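Note sheet for the following structure.
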Amino acid sequence: MVFHQKWRCQQSSVGKTAGRHATNCPAFVDIKIKKINKNTKKNDAFLKKAVPLAAVIKLREDHSHNPGCADELRLLKSTADTRALFHGYFKVG
0 MVFHQKWRCQ QSSVGKTAGR HATNCPAFVD IKIKKINKNT KKNDAFLKKA
50 VPLAAVIKLR EDHSHNPGCA DELRLLKSTA DTRALFHGYF KVG
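With numbering that gives the first Met the number 0 applied, the sequence shown corresponds to residues 0 to 92, in that order.
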């Protein structure tokens with residue numbers, strides 16, 4: 000593997016203590032990028048092709064909650080740029 004990362008919904012209870020926002024949401028994005036060499040081509044049918052398919056992306060989009068409601072949106076983490084813009088509104092008046 001060159002890269003492997005799995006992102007879960009922030010409402011997932013995996014690796015967390017149970018809180019009021021934990022809905023045990025099963026949604027995730029899983030990305031794997033495989034190394035291409037002689038040995039990996041031998042064992043993987045997708046790497047044997049003329050154009051090797053080195054990435055595996057798994058998506059599970061079925062949330063156990065409504066991700067678009069106001070209560071869920073307020074829990075999203077904002078970026079530093081967004082916070083700076085928001086604080087700029089108070090400086091202007």
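All residues carry an ideal CB built from backbone N, CA and C; glycine is no exception.
Please read all numbers here as calculations on a predicted model, not as lab measurements.
For Leu46, collect the residues of the same chain with a Cβ closer than 8 Å to its Cβ; drop the 5 residues on either side in sequence, then sort them by chain order.
Lys33, Ile35, Thr39, Lys40, Leu52 and Ala53
Within this structure, are the beta carbons of Val28 and Leu58 separated by less than 8 Å?
yes
Return the residue from the list Asn65, Ala44 and Asn42 that minimises the CA-CA distance to Ala10.
The question names Ala, yet the displayed sequence has Gln at residue 10. When each option's Cα is compared against that of Gln10, the closest is Asn65.
Where does the unbroken beta strand (DSSP E) through Asp29 begin, and where does it stop?
Phe27 to Ile32
Residues in its own chain within less than 7 Å of Gln4 by CB, not counting five upstream and five downstream?
Ile30
If you follow the beta strand (DSSP E) that Arg59 is part of, which residue opens it and which one closes it?
Ala54 to Arg59
Once you ignore the five residues that flank Met0 on each side, which residues in its own chain have a CB closer than 8 Å to its CB?
Lys31, Ile32, Lys33 and Lys34
To the nearest angstrom, how far is the alpha carbon of Asp70 from that of Lys76?
13 Å
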